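Going down the list, the protein sequences come from chains D and Y. What the first sequence shows, in the working numbering, is residues 118 to 371, in sequence order. What the second sequence shows, in the working numbering, is residues 437 to 858, in sequence order. Remarks on the structure that follows.
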Amino acid sequence: MLTIKNLHASIEGTPILRGINLEVKAGEIHAIMGPNGSGKSTLASVLAGREEYEITAGEVSFKGKDLLELSPEDRAREGVFLAFQYPVEIPGVSSTNFLRTAVNQVREYRGEEPLDAVKFLTLMKEKMKLVEMDQKLLSRSLNEGFSGGEKKRNEIFQMAMLAPTLSILDETDSGLDIDALRIVSNGVNQLKSKDNATIVVTHYQRLLDYIVPDFVHVLYKGQIVKSGTKELALELEEKGYDWIKDEVDSNATV
Amino acid sequence: MSTLIKQDILVELLGNAGNGFEQVRTAGKEAFQTQGFPTNKSEEYKFTAITKKLEQNIQNFAQAGDFEVTAEQVKANVFEGYLGDVLVFANGHFHPALSSTIEGVEVALLSEKADTALGSIAKPEKDPFCALNQSAFEGGVYISVPKKAQLQKPILLLNFFKANAGQVIQPRVWIQTGDFAEVTFINHSINLSEAPYFVNKVVEIKGGLNTQIRYYKLQDEGKNAIEVSTVETDIQQDGRFSSVTVSLSGELVRNNLNLSILGSNSEGNMYGLYLLNGKSHVDNHTNVDHTVPHAESNELYKGILADSSRGVFNGKIFVRQDAQKTNAFQQNNNILLSDDAVVNTKPQLEIWADDVKCSHGCTTGQLDEEALFYLQARGIAKDQAKGLLLYAFAGEVLEHITDESFREYCTELVQKRLGSKF
């Protein structure tokens, strides 16, 4: 579904990603872990099409298409979803109007009829249950005045509404209390199918107790320096990132 | 002091203007002559070179005078779905035959109400254009909302302007409200001629105890409009006053909005939106004077400026020594869509009391890139996402309009301008 080859990206001339290689297949959950500043969020942003990053080398193909050629909105319409680390508060934009516009633009791109108000509301009610979303939140402006947990839940709710094929969760767990973490993870797990895939970007292993990954990759200095199964995450939890840093840095100096 | 436009003609005009109100007009004339037109050194008109604009465009300062308006024209300019009453004016002259009869409200020609205390609310010595209007206003209307009257429907003041190039229109409106009255006014002006002319309008609103007054104004008279418009009111004990000013075009528009808070437990709200393109220039000057304790004022003005348009915001808040426990909040936010657009914003707080809550803030920037990306990342096309964000920005002002049909009308105009439909 997603193939990343030798991806290099920089911001304002500073290289952040230095040759990422990753293959994600339908039905898989990949966790990307790593210390702060390793490039985890950059990778998530580059995949979603954030413009301030410059792609200096490499390629990304998504369902056979050159992802890097597509505008952010077209990536979303093709089925890429980024759950933001810091969901943006947008005063004055009602959550419901925003979602209906988004859902219908995605549907239009896919050659589907727009949902009418009734069908849209039915879908919304159904998906709200998934993340135990309070109806009241949706009558407010998008994310405005939401707590950290509510914002993250809203991200997963939007994900449910848009039914993406590739979901990228960027530090969705950070700042969540255990209840919110359970709700968010539950939502993600219920949305999982054999046809879609998830990339979980996280600093902590804790989330992976709830969203169990098929593969764990460690990102350090803009490269995937280690890959393994969920046991790797436990090892990281126990030993921290220093041993990996040491391993990589000592290899580099040899 | 200042160079007058063809001073001899102007003085003659001031001397021969209209019937009645001789004393009022004389006071206005004297106040005007003392102040003169603002010069480029005048602090109050620093960013708005109104005098220069008048010198260039207004040749003889002749009044444009009354003209015929048809029922069709009235019908064509009332908002779709509007259920309120309508008062029709042609260059400031009231046309009762085309206007609604409003139950329980007295509406008369100003000339029939010779003892109206014109100038007692909008004091001519404070502003030269207010003085100029008082010396030589045309026509004018007297509106009295009696005690305890609760008008469910708004009153639309529908102004038609038609003039030759270089002429002057000086409308005058007097509104008085009895204690506990509740009323909503919508001021909308339609420009029937393309020529550059000068509108200098004064609206005085006399509040009462516990009154609730809303005053909405839509300015979209076209790119040639040169206008100074003054709205002034006093707010008495337990009174509430809210205004929304929406400006969409104008060669040079200056809005003066002055609130005097004279009674406690009262509230004054001022909201404004200026959405400008081309070379439009809109200047909003607001002034709220807290003279008594336990009152509140809220102010939110927002601007979206494209092309080489210019916006000016100057918000004065006075909190006098007696006005303890005042809450006064002011905010001015601007989005510039082009490198050539300019905003001059100036909050001006003078606080003499020591137990108050006052805040002000202003921002000027571009569209929030992070928010734009967020919307795009959910599949919304960039142009539409921009429109959505701009509309949301503007919507915070428009939501203060309580009359639904007028709000819808403004919303549609704004959405059309922003190129988005939501």
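Each residue gets a CB set at the ideal place from its N, CA and C atoms; glycine is no exception. All of these numbers come straight from a predicted model, not from anything done at the bench.
What are the residues that DSSP puts in a beta bridge with residue i?
i: Asp670 (chain Y); result: Y:Lys642, Y:Ser696
i: Leu336 (chain D); result: D:Ile341
i: Tyr707 (chain Y); result: Y:Val680, Y:Leu736
i: Val510 (chain Y); result: DSSP, once it has assigned bridges, lists no residue as partnering Val510 (chain Y).
i: Gln766 (chain Y); result: Y:Glu735, Y:His796
i: Ser256 (chain D); result: DSSP output for Ser256 (chain D) lists no bridge partner at all.
i: Pro783 (chain Y); result: Y:Gly751
i: Ala219 (chain D); result: Paired residues: none, contrary to the question.
i: Arg608 (chain Y); result: Y:Val638
Buried or exposed: which applies to residue i, given that a residue is buried once 16 or more other Cβ atoms fall within 10 Å of its Cβ?
i: Arg746 (chain Y); result: buried
i: Ile295 (chain D); result: exposed
i: Glu687 (chain Y); result: buried
i: Arg192 (chain D); result: buried
i: Val460 (chain Y); result: buried
i: Gly826 (chain Y); result: Looking at the sequence provided, one finds Leu at residue 826 (chain Y) rather than Gly. Looking at its Cβ environment, which holds 16 or more other Cβ atoms inside 10 Å, Leu826 (chain Y) is buried.
i: Pro532 (chain Y); result: exposed
i: Arg650 (chain Y); result: buried
i: Val335 (chain D); result: buried
i: Gly130 (chain D); result: exposed
i: Asn153 (chain D); result: exposed
i: Val522 (chain Y); result: buried
i: Asn769 (chain Y); result: buried
i: Gly643 (chain Y); result: buried
i: Gly801 (chain Y); result: exposed
i: Ala742 (chain Y); result: buried
i: Thr613 (chain Y); result: buried
i: Met437 (chain Y); result: At Met437 (chain Y), the pLDDT of 37 sits below 50, so the modelled position is not reliable and the matter cannot be decided from this model.
i: Asn569 (chain Y); result: buried
i: Lys268 (chain D); result: buried
i: Asp363 (chain D); result: exposed
i: Asn123 (chain D); result: exposed
i: Pro231 (chain D); result: exposed
i: Lys857 (chain Y); result: Unreliable positioning characterises Lys857 (chain Y) in this predicted model, as indicated by a pLDDT of 47, which lies under 50. The coordinate reading is nonetheless provided below. So Lys857 (chain Y) counts as exposed.
i: Gln492 (chain Y); result: exposed
i: Asp719 (chain Y); result: buried
i: Val235 (chain D); result: exposed
i: Gly555 (chain Y); result: buried
Just to confirm the assignment, what range does the alpha helix (DSSP H) spanning residue i have?
i: Ala148 (chain D); result: First-last for Ala148 (chain D): 146-150, but that is the beta strand (DSSP E), not the alpha helix (DSSP H).
i: Gly464 (chain Y); result: 458-471
i: Leu834 (chain Y); result: 818-834
i: Tyr845 (chain Y); result: 840-854
i: Thr282 (chain D); result: No alpha helix (DSSP H) holds Thr282 (chain D); DSSP gives it neither H nor E.
i: Val163 (chain D); result: 157-165
i: Phe621 (chain Y); result: Not the alpha helix (DSSP H): Phe621 (chain Y) falls in the beta strand (DSSP E), residues 618-627.
i: Ser310 (chain D); result: No alpha helix (DSSP H) holds Ser310 (chain D); DSSP gives it neither H nor E.
i: Thr484 (chain Y); result: Where Thr484 (chain Y) is concerned, there is no enclosing alpha helix (DSSP H), given that its DSSP letter is neither H nor E.
i: Ala567 (chain Y); result: 564-572
i: Phe237 (chain D); result: 234-247
Going by DSSP, what residue range makes up the beta strand (DSSP E) through residue i?
i: Tyr652 (chain Y); result: 648-655
i: Tyr578 (chain Y); result: 577-581
i: Gly747 (chain Y); result: 746-755
i: Pro132 (chain D); result: 131-141
i: Ala526 (chain Y); result: 521-526
Considering only the alpha carbon of each residue, which of the options lies closest to residue i?
i: Met276 (chain D); options: D:Ser264, D:Arg135, D:Leu216; result: D:Leu216
i: Ser685 (chain Y); options: Y:Ile740, Y:Phe677, Y:Asp670, Y:Glu732; result: Y:Ile740
i: Gln471 (chain Y); options: Y:Val755, Y:Glu561, Y:Ser678, Y:Asp521; result: Y:Glu561
i: Trp610 (chain Y); options: Y:Val638, Y:Val728, Y:Leu628; result: Y:Val638
i: Ala572 (chain Y); options: Y:Ile753, Y:Gly464, Y:Glu630, Y:Lys852; result: Y:Gly464
i: Ile557 (chain Y); options: Y:Ala567, Y:Asp502, Y:Lys659; result: Y:Ala567
i: Thr552 (chain Y); options: Y:Asp656, Y:Gln851, Y:Arg608; result: Y:Arg608
i: Glu261 (chain D); options: D:Val210, D:Ile300, D:Glu272, D:Met250; result: D:Val210
i: Cys798 (chain Y); options: Y:Asp670, Y:Tyr810, Y:Gln767, Y:Asp790; result: Y:Gln767
i: Lys715 (chain Y); options: Y:Ala512, Y:Gly555, Y:Ser744, Y:Leu698; result: Y:Ser744
i: Ile605 (chain Y); options: Y:Ile591, Y:Ile622, Y:Leu628; result: Y:Leu628
i: Ala828 (chain Y); options: Y:Thr838, Y:Asp839, Y:Leu808; result: Y:Leu808
Using only the heavy atoms of the ligand NAD, determine whether one of them is closer than 7 Å to the beta carbon of residue i.
i: Lys489 (chain Y); result: This structure does not include the ligand NAD; it has no bound ligands of any sort.
At a Cβ threshold of 8 Å, is residue i touching chain A?
i: Ile133 (chain D); result: No chain A appears in this structure, whose protein chains are D and Y.
*asked:* Closer than 8 Å is the cut-off here; do at least three beta carbon pairs connect the stretch 577-593 of chain Y with the stretch 616-633 of chain Y?
replied: yes
*asked:* When you compare the stretch 575-584 of chain Y with the stretch 477-488 of chain Y, are there three or more beta-carbon pairs, one atom per stretch, that lie closer than 8 Å?
replied: no
*Does the pairing of the stretch 691-699 of chain Y with the stretch 666-674 of chain Y give three or more beta-carbon distances under 8 Å?*
yes
_With three or more C-beta pairs closer than 8 Å as the rule, is the stretch 148-168 of chain D touching the stretch 313-329 of chain D?_
yes
*Three or more C-beta pairs closer than 8 Å, one from the stretch 176-190 of chain D and one from the stretch 233-242 of chain D: is that the case here?*
no
*For the stretch 269-288 of chain D and the stretch 306-315 of chain D, state whether three or more C-beta atom pairs, one from each stretch, are separated by less than 8 Å.*
Yes, the stretch 269-288 of chain D is in contact with the stretch 306-315 of chain D.
*With contact counted as at least three CB pairs below 8 Å, one residue from each stretch, are the stretch 808-818 of chain Y and the stretch 769-783 of chain Y in contact?*
no
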